[in-house]
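Chemist: Its first residue numbered 1, the sequence shown is counted upward by one per residue in full-length UniProt numbering.
A virtual CB, placed ideally from N, CA and C, is assigned to each residue, including glycine.
I have a structure I would like to understand better, so I am pasting it below and will then ask my questions one at a time.
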Amino acid sequence: MEVKHRIIIKRTDGVPVNLHYEPVKSLSAAARFNDIDAYNTFINGYYGPTNTELYKPQKIKITYEEEEDDVQQVGVDIQDIGGSSGL
């Protein structure tokens with residue numbers, strides 16, 4: 001299992017926001033940064049809000065886990081599915 005940590009933007013009332021500071025319903029839709037330095041650069045930069053005190057960074061954990069091989073094979077040869085070559 002692979003684990004990654006990211007930083008998202010939240011309003012001080014706890015609502016996650018996107019890059020336009022609009023509220024979003026899920027953490028996956030929130031503005032996301034690789035580390036606190038990238039967050040600080042954005043929030044204090046040209047596209048930052050006029051009042052940075054209304055927003056705070058929130059560390060999140062993203063996990064990736066392989067599942068069993070229930071996925072259908074991609075790129076099956078036409079002969080494997082009973083087709084003909086047309087010759």
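1. State the start and end residues of the unbroken beta strand (DSSP E) segment that holds Y55.
2. Looking only at its chain, what residues have a beta carbon closer than 7 Å to the beta carbon of I36, apart from the 5 residues adjacent to it on each side?
3. Starting from H5 and walking both ways along the beta strand (DSSP E), at which residues does that stretch end?
4. Do you know how far the Cα of Y46 is from the Cα of V15?
5. I'd like the span of the alpha helix (DSSP H) that includes A38, first residue to last.
Modeler: This is what the structure gives:
1. 55-64
2. I7, P57
3. 2-11
4. 22 Å
5. 36-43
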